[in-house]
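**Q** Adding 947 to a residue's 1-based position in the sequence shown gives its number in the numbering used here.
Every residue gets a Cβ at the ideal spot worked out from N, C-alpha and C, and that includes glycine.
First the structure, which I've put down as structure tokens, then a few questions once you've had a look.
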Amino acid sequence: MGLRYTRRPRYGPFHLNISEQGVSSVTLKLGRVSWRVWSRDRRRRGLSSVDLPGPFSYRR
948 MGLRYTRRPR YGPFHLNISE QGVSSVTLKL GRVSWRVWSR DRRRRGLSSV DLPGPFSYRR
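Next up, the structure:
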């Protein structure tokens, strides 16, 4: 394993996941729910996670 470069800038409700190869995914976060609206890997689109009350969360 080596060092990896990743960044996650935010533009309003949109979060961009950036790695060495460029933008890997775009996530829309509204309140406690986040959706992956675009991904380089097309299989990883849709509902990403829901922040539940307390220390719980739901991830797909």
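(1) I need the straight-line Cα distance from valine 997 to serine 966, nearest angstrom please.
(2) Leaving out the 5 sequence neighbours to the left and right, which residues in its chain are closer than 6 angstroms to arginine 992 when beta-carbon positions are compared?
(3) Taking the CB atoms as reference points, tell me whether proline 1000 and lysine 976 lie closer together than 8 angstroms.
(4) In terms of residue numbering, what span does the beta strand (DSSP E) encompassing leucine 950 cover?
(5) With DSSP as the reference, label methionine 1007 as helix, strand or coil.
**A** Well, looking at it:
(1) Here residue 997 refers to the residue found at position 50 of the sequence shown. Here residue 966 refers to the residue found at position 19 of the sequence shown. Rounded to the nearest angstrom, the two C-alpha atoms are 24 angstroms apart.
(2) For the purposes of this step, residue 992 is taken as residue 45 along the sequence shown, with counting starting at 1. So the list reads Arg983, Ser986, once near-sequence residues are dropped.
(3) Taking the first residue of the sequence shown as position 1, residue 1000 is located at position 53. Taking the first residue of the sequence shown as position 1, residue 976 is located at position 29. Contact: no.
(4) Position 3 of the sequence shown, counting from 1, holds the residue named residue 950. Leucine 950 -> no beta strand (DSSP E), and no H or E assigned at all.
(5) In the sequence shown, residue 1007 corresponds to position 60, counting from 1. In the sequence as displayed, the identity of residue 1007 is arginine instead of methionine. Coil.
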